[in-house]
Amino acid sequence: MIYCRTTKTSGQLDVLGMDAATHPREIKQRIGVVTQDNALDPELTAAENVMLYAAFFGIRGTAARERCAELLHLMNLEGKERSRIAELSGGMKRRVAIARALVNDPEMLVLDEPTTGLDPQARLAVWQLLLGFRERGITLVLTSHYMEEAARLCDRLVIMDEGRILAEGTPRELIAQYAADDVLELHAVDLSRAPLDGSVRRREQHGDITYLYNDDNTALLARLAQLSIESTRHVARPATLEDVFLNLTGRELTD
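Take a look at the structure:
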């Protein structure tokens, strides 16, 4: 809907101050889109894919070649200009797709699952590029099921489940509201009779793991020791957006 490919069923949708229903052409001129499947032509080279897209925006000849070279350099793809898409790694294909989306110098970049299917090194490389775009003033709108990605890249989040908006806010706000500062994971332990109400903000059980949401793991571990409560294994860590998602939906991200 943001890219004006589908129409809204209700409500009002403005993109860059324009009504998406009445100004689709103007909106498309000012935004870039990276789809989950890249949608690159595998028989064309990296440069040819970018040049072809440039032509759609009326950029041709020397201007197109210069813009293509600039973007492939920005994407750290020097030396791959003449490589066919079919010959590139998944991370390189994703960077070509991002370069193509930047060809019209967009004010907003829409990315659908930008790092799905990439190995950790390639994912980190894409994150660094996107952070650089944000610092340059490009608005990023992305969907992701990687909570670490959302925490690193996003100023504001909307958490959705089965088409419903469950929560909205900054990462810090969401963690404070729906989780806690710390989380203590206890494996194979019975806390049904443990007097921990004053030390724990929320308690959840998933399989044989008990999650204790609290404000100080060190103090809580000391309290458990006083009560002679032991578990086969415990993990003490800060709360994350995955804890927020788990609390809001009652299930893991992989469910």
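Just add 430 to the spot in the sequence shown (first one is 1) and you have our numbering. In this text, a Cβ means the ideal position worked out from N, Cα and C, and glycines have one as well.
Legend entry - Per-residue DSSP class, three states only, for G462: strand
Inset, instruction - Just tell me which of D449, K438, I489 and A555 has its CA closest to the CA of L532. - result: I489
Legend entry - Three-way DSSP call (helix, strand, coil) for Q551 in this model: helix
Legend entry - Reduced DSSP secondary structure (H/G/I, E/B, other) of Y433: coil
Inset, instruction - Taking only the alpha-carbon atoms, compute the straight-line gap between L730 and T475 and give it to the nearest angstrom. - result: Because residue 730 is not part of the residues shown, which for the chain are 431 to 685, the question remains open.
Inset, instruction - Take V540 as the anchor and find which of V445, V619 and G462 has the nearest alpha-carbon. - result: G462
Inset, instruction - May I ask which residues mark the beginning and end of the alpha helix (DSSP H) holding N479? - result: A476 to F486
Inset, instruction - Leaving out five residues on either side along the sequence, give the residues of the same chain with a beta carbon under 8 Å from the beta carbon of D471. - result: E478, N479, L482 and I515
Inset, instruction - Say whether the stretch 665-680 touches the stretch 602-612, bearing in mind that this needs 3 or more beta-carbon pairs closer than 8 Å, one atom from each stretch. - result: For the pair of segments examined, the stretch 665-680 was found to touch the stretch 602-612: the number of CB pairs separated by less than 8 Å reaches three.
Inset, instruction - Excluding the 5 residues preceding and the 5 following Q466 in the sequence, name in chain order all residues of the same chain whose CB lies nearer than 7 Å to its CB. - result: D542, E543 and T546
Legend entry - Sequence-distant residues of the same chain with beta carbon closer than 6 Å to M538, five excluded per side: I461 and T569
Legend entry - Span of the beta strand (DSSP E), counted from its first residue to its last, around N644: I639 to N644
Inset, instruction - Measure the C-alpha to C-alpha separation of K523 and R455 and round it to an integer number of angstroms. - result: 27 Å
Inset, instruction - In the DSSP assignment, find the alpha helix (DSSP H) that holds D673 and state where it starts and stops. - result: For D673, the enclosing alpha helix (DSSP H) stretches over residues L671 to T679.
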